[in-house]
Every structure is written in C-alpha cells, then in structure tokens.
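**Q** Counting from 250, one number per residue, gives the positions in the sequence shown under our numbering.
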Amino acid sequence: MNERLVVTCGRITFQNPVLAASGTFGYGSEFERFFPLASLGGFVTKTLFVEPRDGNPPPRVAETSAGMINSIGLANVGWEAFVAEKVPDLKAIVGAARMLVNIAGNAPDEYRAIAARVEGDRERVGCAGIEVNVSCPNVKEGGTNIGCDLHQFQAAVRGVREETSLPVFVKLSPNVADVVPFAACAIDEGADGVSLINTVYGMQIDIEKRRPVLGTGSGGLSGPAILPIGVYWTHKVRAAFPDLPILGIGGIATWRDALQYLLAGAHAIQVGTAAFVNPLACVEIIAGLERYCSQRDTTIAELSGAAHRGGRLAEAAVWTG
Ligand SMILES: Cc1cc2nc3c(=O)[nH]c(=O)nc-3n(C[C@H](O)[C@H](O)[C@H](O)COP(=O)(O)O)c2cc1C
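1) Assuming residue 399 contacts residue 430 under a Cβ cut-off of 8 angstroms, what Cβ separation, rounded to an integer in Å, is found between them?
2) Who are the near neighbours of residue 492 in its chain, counting only those whose CB is closer than 7 angstroms to its CB and skipping five residues on each side?
3) Given a cut-off of 8 angstroms on the beta-carbon distance, is the pair residue 292 and residue 263 in contact?
4) Could you say which of 374, 470 and 496 lies nearest to residue 312 if we only look at CA atoms?
5) Would a C-beta distance cut-off of 8 angstroms place residue 351 and residue 297 closer than the cut-off?
6) Secondary structure at residue 370, three-state DSSP: helix, strand or coil?
7) Should residue 405 and residue 383 be called a contact, given that it needs their Cβ atoms to be closer than 8 angstroms?
8) Please determine whether the Cβ atom of residue 270 lies at a distance below 7 angstroms from any heavy atom of ligand 1.
9) Under three-state DSSP, which class holds residue 376?
10) Which of helix, strand or coil does DSSP assign to residue 510?
11) Helix, strand or coil for residue 283? Go by DSSP, reduced to three states.
12) In terms of alpha-carbon separation, which member of 422, 513 and 259 lies closest to residue 396?
13) Is residue 313 near ligand 1, going by C-beta to nearest heavy atom under 7 angstroms?
14) Which whole-angstrom value is the C-beta distance of residue 476 and residue 500, which I expect to be below 8 angstroms?
15) Determine, using beta carbons only, whether residue 348 and residue 413 come nearer to each other than 8 angstroms.
16) Sorted by chain position, which residues of the same chain lie with C-beta nearer than 7 angstroms to residue 439's C-beta, five sequence neighbours on each side aside?
17) So, with DSSP's three-state summary, where would you put residue 271?
18) Run through DSSP, which three-state label would residue 276 get?
19) What does the Cβ neighbour count give for residue 334, buried or exposed, with the cut at 16 atoms within 10 Å?
20) Taking 7 angstroms as the cut-off, is the C-beta of residue 606 nearer than that to any heavy atom in ligand 1?
21) Taking residue 289 as the reference, which of 302, 337, 342 and 355 has the closest Cα?
22) Let's see if you can read the secondary structure: which residues bound the alpha helix (DSSP H) around residue 533?
23) What number of angstroms, rounded off, separates the C-alpha of residue 326 from the C-alpha of residue 545?
24) For residue 387, which of 354, 381 and 378 has the nearest alpha-carbon?
Listed below in structure tokens is the structure:
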C-alpha cells in the first residue's frame with residue numbers, strides 16, 4: 250500500500266482514491282479477469298432494491314459522440330438474492346477495497362425499507378457504507394424523479410439515516426438547477442458525505458427510423474461529455490461545504506481527469522463508463538496518481554480541494570457566454 254494514496258472520506262478510509270462506480274462493474278466477478286478488484290480503493294455495487302427488477306425495455310444503451318446514454322432502469326436481483334448469491338464471491342473478490350452498497354426504492358418509504366435490510370445484514374455483507382441512489386422516479390406519485398425534488402429527497406435520505414448507523418453517501422443528481430441545496434439537505438439529514446454526479450438527462454435520435462434510439466426514449470448520459478459538469482458541481486459543493494466528504498464521479502477516463510475532480514474538492518473518485526472502453530482504466534488511473542504524487546512529493550489528501558486555495562474565483566455568478 251502506498252501511503253501517499255490513502256484517503257479518508259468521513260468515517261471510511263480507502264487504500265487509494267479510485268472506486269468502481271455503481272452499475273458499471275456488475276456484481277464484481279465480471280471484471281476479475283482484467284484486474285484484481287482488491288487493488289481498488291473501493292467498489293460500489295449496482296443499485297439494489299428490496300425486490301428484484303427487470304429494468305427497462307431494450308435498447309437500453311447506445312454510444313454517443315462523447316460517451317454513452319443508458320436507460321437500464323436499475324435492473325437488479327433484489328436484496329435477498331444479492332446477499333445469498335452475490336455477496337460470498339464479491340466479499341472474497343473485494344478484499345482490501347471497501348465495499349459500498351448502493352440502494353434505492355420506487356418511493357421515499359422504500360428507501361427506509363432497503364436501508365433496514367442492509368443494516369440487518371451488514372456483518373454478513375461486510376460493507377463499509379451505503380451509497381443512496383436518489384435518481385429514481387417515484388412510481389407511486391406521478392413519476393417525479395426523487396433526486397430532483399427536495400421534499401422527496403429529504404424523505405428518502407431521512408428514512409435511510411433513521412434505519413442505519415453505517416456511513417451514508419447520497420449520490421446527487423445533476424438534473425436540477427442547483428445541486429447545492431440538495432447537498433445541504435443531505436448534510437441536515439445526517440448523511441456522512443455525497444457522491445456526485447449521476448448521469449445527465451439526454452436523448453439520441455435514430456435518423457433513419459426517426460425515433461429515439463433507447464426503448465424508453467430518453468436516458469442518462471455518461472462518459473467524457475459530462476466531465477466538466479461533474480467537476481463544476483464538485484467545485485461548487487466543496488466551496489459551499491469545505492468539510493463535506495465528496496466522491497467525485499462523471500466522465501473520468503484518465504488520471505488527469507481524476508486529478509481535476511480531486512483538485513476541485515473530491516476526496517476520492519469513481520470510474521464508470523471508461524471501464525467499458527478500457528477495462529484497465531482504474532488500474533491506470535491509480536498508477537498515474539501514484540506517479541504524480543511521488544514526482545511532486547505530495548499526497549492525494551493534500552491535493553484534495555487545492556483548486557480552492559488560490560483565492561476566491563472572480564466570478565460570483567455563472568457566465569455562459
Ligand atoms: C450502464 C450504466 C449503468 C449504471 N447503473 C447505475 C446504478 O445502478 N446505480 C447508480 O447509482 N448509478 C448507475 N450508473 C451511473 C454511474 O455510476 C455514474 O454515476 C455515471 O455513469 C457517471 O460516471 P461515468 O461518466 O464515469 O460513467 C450507471 C451508469 C451506466 C453507464
């Protein structure tokens with residue numbers, strides 16, 4: 250273990266700042282033939298609901314000019330099957346990397362229910378914490394995205410916090426006018442930190458069929474196209490809450506991308522879409538950060554938030570042109 254890479258995010262210490270993002274590394278075993286997941290800082294599971302879900306009708310993924318768009322619909326095996334069938338292998342594979350269980354529900358009350366299940370099985374699962382995916386439509390109340398509605402967001406986070414004493418990271422949606430009030434709400438409700446960002450709403454049209462490519466019409470955009478969006482929100486949230494642990498996500502494909510998030514204020518980062526293009530992306534990012542730190546005799550902990558230390562930025566508001 251290289252001490253320069255060790256980071257502490259609230260109550261969790263990671264051996265390095267590179268985590269596998271939810272939904273893009275399956276249940277773990279899918280990537281074992283490429284590299285040992287135990288070499289990562291952490292591994293975030295696919296989103297788990299209490300009950301199994303089939304997800305959305307196909308096509309569910311499409312390539313875009315600078316990334317991909319997906320409407321998987323959070324297909325998952327459900328909590329019981331996850332614990333019985335996936336956890337034994339995953340625990341062995343993850344090793345020294347810390348496992349975060351990512352959870353969600355179809356309505357705020359379902360977040361409470363899945364959090365209670367995780368709490369009940371926490372020893373058996375061996376997870377270091379929970380990541381709460383709030384980017385779900387409320388199927389019981391008109392389909393509003395829970396992560397975009399402060400009232401429902403608050404209810405979901407409160408339910409999770411009341412059911413578990415595990416570290417809780419709330420994964421924020423970028424599909425709002427301002428992410429900062431959502432980060433503030435997560436803090437008020439007792440979250441340990443935030444992960445940001447989830448995918449950005451998008452659509453791709455098949456010009457021959459004159460129809461959207463995805464079965465559901467729209468989906469979530471990820472990959473290099475969203476890197477500056479994630480870096481922007483990371484910087485803004487860190488400026489508003491300098492002590493809040495942040496896991497930066499969105500478009501990270503190289504160590505230079507990862508470093509942007511760290512300098513903007515993230516304490517650790519997650520890699521998603523890049524792993525589909527280059528399964529070794531995480532390993533290469535860890536090596537690149539290690540090189541950068543030793544060449545400059547610094548540590549990741551020192552680098553986190555360094556972009557804020559050059560003094561206040563000139564602009565008070567967002568200039569777009
Ligand atoms: C195919 C696919 C499946 C995903 N599944 C989940 C999921 O189950 N839960 C979740 O919180 N995020 C999910 N995400 C979002 C990623 O974890 C990540 O937040 C997002 O893709 C941005 O990072 P990236 O640009 O590195 O992919 C998924 C993304 C993709 C591309």
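Where a beta carbon is used, it is the ideal one built from N, C-alpha and C, also for glycine.
Nothing here was measured: the structure is a model prediction, and the numbers come from that model.
**A** Taking the definition as stated:
1) Taking a contact as a CB-CB distance under 8 angstroms, the pair residue 399 and residue 430 counts as one, their CB atoms being some 6 angstroms apart.
2) Answer for residue 492: no residue qualifies.
3) No, the Cβ-Cβ distance between residue 292 and residue 263 is not below 8 angstroms.
4) For the residues 374, 470 and 496, the minimum Cα distance to residue 312 belongs to 470.
5) Contact flag set, yes.
6) In the structure shown, residue 370 sits in coil (DSSP, three-state: anything other than H, G, I, E or B).
7) Against a cut-off of 8 angstroms, the Cβ pair of residue 383 and residue 405 comes out as a contact.
8) At a threshold of 7 angstroms, residue 270 counts as near ligand 1, since its beta carbon sits closer than that to one of the ligand's heavy atoms.
9) In the structure shown, residue 376 sits in coil (DSSP, three-state: anything other than H, G, I, E or B).
10) Here residue 510 sits in helix by DSSP.
11) The answer is coil: DSSP assigns residue 283 none of H, G, I, E or B.
12) Residue 422 is the option with its Cα nearest to residue 396.
13) No, the beta carbon of residue 313 sits no closer than 7 angstroms to any heavy atom of ligand 1.
14) So it is a contact: roughly 3 angstroms between Cβ atoms.
15) At a Cβ-Cβ threshold of 8 angstroms, residue 348 and residue 413 do not count as neighbours.
16) Cβ contact annotation for residue 439 (same chain, cutoff 7 angstroms, sequence separation greater than five): 410, in chain order.
17) Under the three-state reduction of DSSP, residue 271 is assigned to coil, being neither helix nor strand.
18) DSSP, read as helix, strand or coil, puts residue 276 in coil.
19) With fewer than 16 other Cβ atoms inside 10 Å of its own Cβ, residue 334 counts as exposed.
20) Outside the shown range of the chain, which is 250 to 570, sits residue 606, and nothing can be said about it.
21) Residue 342 holds the alpha-carbon nearest to the alpha-carbon of residue 289 among 302, 337, 342 and 355.
22) Run containing residue 533: 530-544, per the alpha helix (DSSP H) assignment.
23) Those two C-alpha atoms are separated by around 45 angstroms.
24) That would be 354, whose Cα lies nearest to the Cα of residue 387.
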